[in-house]
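Enquirer: Chains as they are written, first to last, in the working numbering: chain A, 1 to 136; chain B, 137 to 272; chain C, 273 to 408; chain D, 409 to 544.
There are 4 protein chains.
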Amino acid sequence: MFDTLKIINDTAAFNRWAGFEVTRAEKGEAELRMHWRNEMGQYSGFLHAGMVAALLDTVCGFAAATVSGRVLASHFSVNCIAPAVGQVFIASGKVVKAGRKQVFASGELYADTDGKRKLVATGNAILVPVETSEIT
Amino acid sequence: MFDTLKIINDTAAFNRWAGFEVTRAEKGEAELRMHWRNEMGQYSGFLHAGMVAALLDTVCGFAAATVSGRVLASHFSVNCIAPAVGQVFIASGKVVKAGRKQVFASGELYADTDGKRKLVATGNAILVPVETSEIT
Amino acid sequence: MFDTLKIINDTAAFNRWAGFEVTRAEKGEAELRMHWRNEMGQYSGFLHAGMVAALLDTVCGFAAATVSGRVLASHFSVNCIAPAVGQVFIASGKVVKAGRKQVFASGELYADTDGKRKLVATGNAILVPVETSEIT
Amino acid sequence: MFDTLKIINDTAAFNRWAGFEVTRAEKGEAELRMHWRNEMGQYSGFLHAGMVAALLDTVCGFAAATVSGRVLASHFSVNCIAPAVGQVFIASGKVVKAGRKQVFASGELYADTDGKRKLVATGNAILVPVETSEIT
Numbered sequence: 001m002f003d004t005l006k007i008i009n010d011t012a013a014f015n016r017w018a019g020f021e022v023t024r025a026e027k028g029e030a031e032l033r034m035h036w037r038n039e040m041g042q043y044s045g046f047l048h049a050g051m052v053a054a055l056l057d058t059v060c061g062f063a064a065a066t067v068s069g070r071v072l073a074s075h076f077s078v079n080c081i082a083p084a085v086g087q088v089f090i091a092s093g094k095v096v097k098a099g100r101k102q103v104f105a106s107g108e109l110y111a112d113t114d115g116k117r118k119l120v121a122t123g124n125a126i127l128v129p130v131e132t133s134e135i136t
Numbered sequence: 137m138f139d140t141l142k143i144i145n146d147t148a149a150f151n152r153w154a155g156f157e158v159t160r161a162e163k164g165e166a167e168l169r170m171h172w173r174n175e176m177g178q179y180s181g182f183l184h185a186g187m188v189a190a191l192l193d194t195v196c197g198f199a200a201a202t203v204s205g206r207v208l209a210s211h212f213s214v215n216c217i218a219p220a221v222g223q224v225f226i227a228s229g230k231v232v233k234a235g236r237k238q239v240f241a242s243g244e245l246y247a248d249t250d251g252k253r254k255l256v257a258t259g260n261a262i263l264v265p266v267e268t269s270e271i272t
Numbered sequence: 273m274f275d276t277l278k279i280i281n282d283t284a285a286f287n288r289w290a291g292f293e294v295t296r297a298e299k300g301e302a303e304l305r306m307h308w309r310n311e312m313g314q315y316s317g318f319l320h321a322g323m324v325a326a327l328l329d330t331v332c333g334f335a336a337a338t339v340s341g342r343v344l345a346s347h348f349s350v351n352c353i354a355p356a357v358g359q360v361f362i363a364s365g366k367v368v369k370a371g372r373k374q375v376f377a378s379g380e381l382y383a384d385t386d387g388k389r390k391l392v393a394t395g396n397a398i399l400v401p402v403e404t405s406e407i408t
Numbered sequence: 409m410f411d412t413l414k415i416i417n418d419t420a421a422f423n424r425w426a427g428f429e430v431t432r433a434e435k436g437e438a439e440l441r442m443h444w445r446n447e448m449g450q451y452s453g454f455l456h457a458g459m460v461a462a463l464l465d466t467v468c469g470f471a472a473a474t475v476s477g478r479v480l481a482s483h484f485s486v487n488c489i490a491p492a493v494g495q496v497f498i499a500s501g502k503v504v505k506a507g508r509k510q511v512f513a514s515g516e517l518y519a520d521t522d523g524k525r526k527l528v529a530t531g532n533a534i535l536v537p538v539e540t541s542e543i544t
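#1: What residue does the beta strand (DSSP E) around asparagine 487 of chain D start on, and which one ends it?
#2: Is the CB-CB distance between alanine 302 of chain C and valine 331 of chain C below 8 Å?
#3: Looking at C-alpha atoms only, which residue of C:Ala325, C:Ser316 and C:Arg372 is the closest neighbour of leucine 304 of chain C?
#4: Drop a sphere of 10 angstroms on the beta-carbon of leucine 119 of chain A, count the other beta-carbons inside from all chains shown, and report buried for 16 or more, exposed for fewer.
#5: Rounded to the nearest angstrom, what separates leucine 183 of chain B and glycine 243 of chain B at their Cα positions?
#6: Any heavy atom of the ligand NAP closer than 7 Å to the CB of glutamate 380 of chain C?
#7: For alanine 12 of chain A, which residues in chain B fall below 8 Å Cβ to Cβ?
#8: Taking the alpha carbon of alanine 409 of chain C as the reference point, which residue from C:Thr295, C:Arg389, C:His307 and C:Ser346 has its own alpha carbon closest?
#9: May I have the straight-line CA-CA distance separating alanine 13 of chain A from arginine 309 of chain C, to the nearest angstrom?
#10: Can valine 198 of chain B and valine 78 of chain A be called in contact, C-beta distance under 8 Å?
#11: Runs of 3 residues minimum, wholly inside the segment 436-468 of chain D: which ones carry the beta strand (DSSP E) assignment?
#12: Taking the beta carbon of aspartate 465 of chain D as the centre, do at least 16 other beta carbons fall within 10 Å, making it buried, or is it exposed?
#13: Using a Cβ cut-off of 7 Å, which residues of the segment 346-358 of chain C contact any Cβ in chain D, in chain order?
#14: So threonine 4 of chain A packs on glycine 28 of chain A, CB below 8 Å; how close in whole Å?
#15: Looking at chain B, is there any beta carbon in it that lies within less than 8 Å of the beta carbon of tryptophan 36 of chain A?
#16: Indicate the three-state DSSP secondary structure (helix, strand or coil) for lysine 414 of chain D in the structure shown.
#17: With DSSP as the reference, label phenylalanine 292 of chain C as helix, strand or coil.
#18: Exposed or buried, phenylalanine 410 of chain D, counting other C-beta atoms within 10 Å across all chains shown (16 or more means buried)?
#19: Please check if any C-beta of chain C sits within less than 8 Å of the C-beta of glutamate 134 of chain A.
#20: Can you give me the Cβ contacts of proline 491 of chain D inside the same chain, cut-off strictly under 6 Å, excluding the 5 residues immediately before and after it?
#21: Given a threshold of 16 other Cβ atoms within 10 Å of its Cβ, counted over all protein chains shown, does threonine 151 of chain A qualify as buried or as exposed?
#22: Taking only the alpha-carbon atoms, compute the straight-line gap between serine 204 of chain B and valine 239 of chain B and give it to the nearest angstrom.
#23: Taking C-beta pairs closer than 7 Å, name the residues in chain D that isoleucine 280 of chain C reaches, listed in chain order.
#24: Give a yes or no on whether 8 Å exceeds the smallest Cβ distance from valine 430 of chain D to chain B.
#25: Is there a Cβ of chain B sitting closer than 8 Å to that of phenylalanine 376 of chain C, yes or no?
#26: Measure the Cβ-Cβ separation of isoleucine 489 of chain D and alanine 426 of chain D and say whether it is below 8 Å.
#27: Let me know if isoleucine 144 of chain B comes out buried or exposed under the rule of 16 or more other beta-carbons within 10 Å of its beta-carbon.
#28: Take lysine 502 of chain D and list the residues in its own chain whose beta-carbon comes closer than 7 Å to its own, dropping the five residues that flank it on each side.
#29: Roughly how many whole angstroms lie between the Cα atoms of phenylalanine 361 of chain C and phenylalanine 89 of chain A?
#30: Under the rule that 16 or more other beta-carbon atoms within 10 Å means buried, what is serine 228 of chain B, buried or exposed?
#31: Given that lysine 526 of chain D touches chain A, what residues does it touch there, using C-beta distances under 7 Å?
#32: Closer than 8 Å, CB to CB, is valine 128 of chain A near chain E or not?
#33: Are the Cβ atoms of leucine 463 of chain D and leucine 517 of chain D separated by less than 8 Å?
#34: 8 Å is my cut-off, CB to CB: does lysine 435 of chain D come that close to chain B?
#35: For threonine 459 of chain D, would you say it is in contact with chain C, using Cβ-to-Cβ distances shorter than 8 Å as the test?
#36: Going along the chain, which residues of its own chain have a beta-carbon closer than 8 Å to the beta-carbon of glutamate 283 of chain B, five neighbours each way excluded?
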């Protein structure tokens, strides 16, 4: 499962650009890490909301993929609860309910600065399993 | 207003990386454009959900900035309604209600291929005005 | 279509309790009305968030039913943008995209006081078509 | 805190109609219960989405009230992950982050049938503290 997610992750050009790294994968759960780079900032220098969403959506999708194979996000939402500032960002996702037509997953995004971890955003995603189960 | 949004847009490192271009700004409304590049893709080659979110969140924030000055997104949601494939992506946002504490905005994302425009995603954002009104 | 929605509406016990009335139905669109009663209030006397959600979710579902037959809501969200106070509440919904697996719809809720109409909430819903197409 | 929430709950006419009962209240957490009645059903006889939303929104608001006093919901979202069928419904909510301008809370709704409990919906809410802190 871990290896499968790593392969999917490497297949996505944006994930490679961002330096997403799959650090954990279990049945219904996944974790991603990303190192901060200046080009990821919004106008105040915080992590751009798009990057926050990218991490949360991806980790929810990866968590879903561990139980439902190939999926596509149809809906996701993000709560930005603290300024997303840190050297490393860690996103963890878990499946809330895996249905045949829809998989519900939720995620949390932490910012790590000098080993101190802070919750900066939470998210929810609805993923739709796609027919060709190429990735499991 | 147009010039102010262009300046904010140029201030954000991620927006520069992505090549966001402010193409319209009116009281309560804004429009952004972005050219597709391969490094923006997810594993199927569609525009990455994070880029979809970045465009929608940014255009909602810009629409809010035209009426409420400096804002930060506290919540946003995205519906992915069609594969985000195109040469150019156009995001338009408008303010639904500008309150003192919260601004509600909604946005639409279109993909343009050879001049044919298709709606690929819709979004909503809640923006919080921040005290220092530096940007208006 | 109008008659079909009226029949579905009468089938739902909660809709009868609340006095929901279908006032418009077209391909991809629907409108509902409800008269305020005291037992619908939250602690400040505004319309309860649950009633706001009930109206928006129902009208989105009815709009979806006009194009996709029998549906069930899997996700909905509500923005409360002004105090929901009025004598009559009017909810209108429209389909944004009707897919095979998911129908995306959006809605608006207005409060009417002495003929003056005010937008009090907006909403989005994702509806899943269910196999037995009993209602169309 | 428990007594305060009970008083607020009794103040809301809709909560009285629905028979909401506050069964737990701690710093940042709350629990509600409600007995099923036929008039709460949608067209298939499941608990109406509006009632699902009412329970989740209310329990999130109550959890927020334990830390931030009087609040009003500005946004909430609901995922319907299983048919909401049961004799008793139990909603639990907790505060994710209590800011000065916005409180983020999340909730879960369980349906209980003959003592067997099933997760039927999850939700998120953003609550805005209101100035007059009457209720704490």
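The beta-carbon is built from N, C-alpha and C at its ideal position, and this holds for glycine as well.
Please read these numbers as outputs of a predicted model, since none were measured by experiment.
Expert: Walking through what the data contain:
#1: As a first step, residue 487 of chain D must be located in the fourth sequence, where it is residue number 79. First-last of the beta strand (DSSP E) with asparagine 487 of chain D: 479-488.
#2: Stepping through the third sequence from its first residue, residue 302 of chain C is reached at position 30. Stepping through the third sequence from its first residue, residue 331 of chain C is reached at position 59. Cβ atoms of alanine 302 of chain C and valine 331 of chain C: closer than 8 Å.
#3: Residue 304 of chain C sits at position 32 when you count from the first residue of the third sequence. Here the closest residue by C-alpha is C:Ala325.
#4: Along the first sequence, one-based indexing puts residue 119 of chain A at 119. Exposed, because fewer than 16 other Cβ atoms sit within 10 Å of the Cβ of leucine 119 of chain A.
#5: For the purposes of this step, residue 183 of chain B is taken as residue 47 along the second sequence, with counting starting at 1. For the purposes of this step, residue 243 of chain B is taken as residue 107 along the second sequence, with counting starting at 1. Distance between the alpha carbons of leucine 183 of chain B and glycine 243 of chain B is about 17 Å.
#6: The ligand NAP is not part of this structure, which contains no ligands at all.
#7: What you label residue 12 of chain A is simply residue 12 of the first sequence in a count that begins at 1. In chain order: Gly177, Gln178, Tyr179 and His184.
#8: The structure shown does not extend to residue 409 of chain C, since chain C is modelled only from 273 through 408, so no value can be given for it.
#9: Position 13 of the first sequence, counted from the first residue, corresponds to residue 13 of chain A. Position 37 of the third sequence, counted from the first residue, corresponds to residue 309 of chain C. Whole-angstrom Cα-Cα distance: 56 Å.
#10: Taking the second sequence and counting its residues from 1, the one referred to as residue 198 of chain B is at position 62. Taking the first sequence and counting its residues from 1, the one referred to as residue 78 of chain A is at position 78. Reading off the sequence shown, one finds phenylalanine at residue 198 of chain B, where the question assumed valine. Result no, Cβ atoms of phenylalanine 198 of chain B and valine 78 of chain A do not sit closer than 8 Å.
#11: 437-443
#12: Locating residue 465 of chain D in the fourth sequence gives position 57, where the first residue counts as 1. Buried is the call here.
#13: Ser346, His347, Phe348, Ser349, Val350, Asn351 and Cys352
#14: Sequence index remark: in the first sequence, residue 4 of chain A carries index 4 (1-based). Sequence index remark: in the first sequence, residue 28 of chain A carries index 28 (1-based). Between glycine 28 of chain A and threonine 4 of chain A the Cβ distance is about 14 Å, and since that is not below 8 Å, they are no contact.
#15: Sequence index remark: in the first sequence, residue 36 of chain A carries index 36 (1-based). Chain B, which has no Cβ nearer than 8 Å to the Cβ of tryptophan 36 of chain A, makes this no.
#16: Along the fourth sequence, one-based indexing puts residue 414 of chain D at 6. It is helical.
#17: As a position in the third sequence, residue 292 of chain C is number 20, starting the count at 1. Coil at phenylalanine 292 of chain C, not helix or strand.
#18: Numbered from 1 along the fourth sequence, position 2 holds the residue referred to as residue 410 of chain D. The residue in question, phenylalanine 410 of chain D, is exposed, as its Cβ has fewer than 16 Cβ neighbours within 10 Å.
#19: If you number the first sequence from 1, residue 134 of chain A lands on position 134. Legend: pLDDT at glutamate 134 of chain A = 40, less than 50; position of this residue unreliable, no value from coordinates given.
#20: Translated into the one-based positions of the fourth sequence, residue 491 of chain D becomes position 83. Closer than 6 Å at the Cβ level, and outside the excluded window around proline 491 of chain D, lie Phe454.
#21: Because chain A in this structure spans residues 1 to 136, residue 151 of chain A falls outside the shown range and cannot be described.
#22: Here residue 204 of chain B corresponds to residue number 68 of the second sequence, with the count starting at 1. Here residue 239 of chain B corresponds to residue number 103 of the second sequence, with the count starting at 1. Computed Cα separation, rounded: 8 Å.
#23: Position 8 of the third sequence, counting from 1, holds the residue named residue 280 of chain C. Near isoleucine 280 of chain C (Cβ distances below 7 Å), the residues of chain D are Tyr451.
#24: Numbered from 1 along the fourth sequence, position 22 holds the residue referred to as residue 430 of chain D. Not one chain B Cβ lies under 8 Å of valine 430 of chain D.
#25: Start at 1 with the first residue of the third sequence, and residue 376 of chain C comes out as number 104. Output row for phenylalanine 376 of chain C: interface = yes.
#26: Locating residue 489 of chain D in the fourth sequence gives position 81, counting from the first residue. Locating residue 426 of chain D in the fourth sequence gives position 18, counting from the first residue. It is not a contact, given that the beta carbons lie outside the stated cut-off.
#27: As a first step, residue 144 of chain B is located in the second sequence; it is residue number 8 there, counting from the start. With 16 or more Cβ atoms within 10 Å of its Cβ, isoleucine 144 of chain B is classed as buried.
#28: Here the question's residue 502 of chain D lines up with position 94 in the fourth sequence. Correct list, in chain order: Gly436, Glu437, Ala471, Ala513 and Ser514.
#29: Start at 1 with the first residue of the third sequence, and residue 361 of chain C comes out as number 89. Start at 1 with the first residue of the first sequence, and residue 89 of chain A comes out as number 89. If you take the alpha carbons of phenylalanine 361 of chain C and phenylalanine 89 of chain A, they lie about 45 Å apart.
#30: Here residue 228 of chain B refers to the residue found at position 92 of the second sequence. When all chains shown are included, serine 228 of chain B counts as buried.
#31: Within the fourth sequence, the letter at position 118 stands for residue 526 of chain D. Within chain A, no residue comes near lysine 526 of chain D; the closest Cβ sits about 11 Å away, beyond 7 Å.
#32: In the displayed structure, chain E is absent; the protein chains listed are A, B, C and D.
#33: Residue numbering aside, residue 463 of chain D sits at position 55 when the fourth sequence is read from its first letter. Residue numbering aside, residue 517 of chain D sits at position 109 when the fourth sequence is read from its first letter. It is a contact, given that the beta carbons lie within the stated cut-off.
#34: Residue mapping note: residue 435 of chain D aligns to position 27 of the fourth sequence, counting from 1. Judged by the 8 Å Cβ criterion, lysine 435 of chain D is not in contact with chain B.
#35: Against the fourth sequence, residue 459 of chain D aligns to sequence position 51. Note on residue identity: the sequence assigns methionine, not threonine, to residue 459 of chain D. Taking Cβ atoms only, chain C reaches closer than 8 Å to methionine 459 of chain D, which makes this a yes.
#36: Lying outside 137 to 272, the shown extent of chain B, residue 283 of chain B is not represented and no answer is given.
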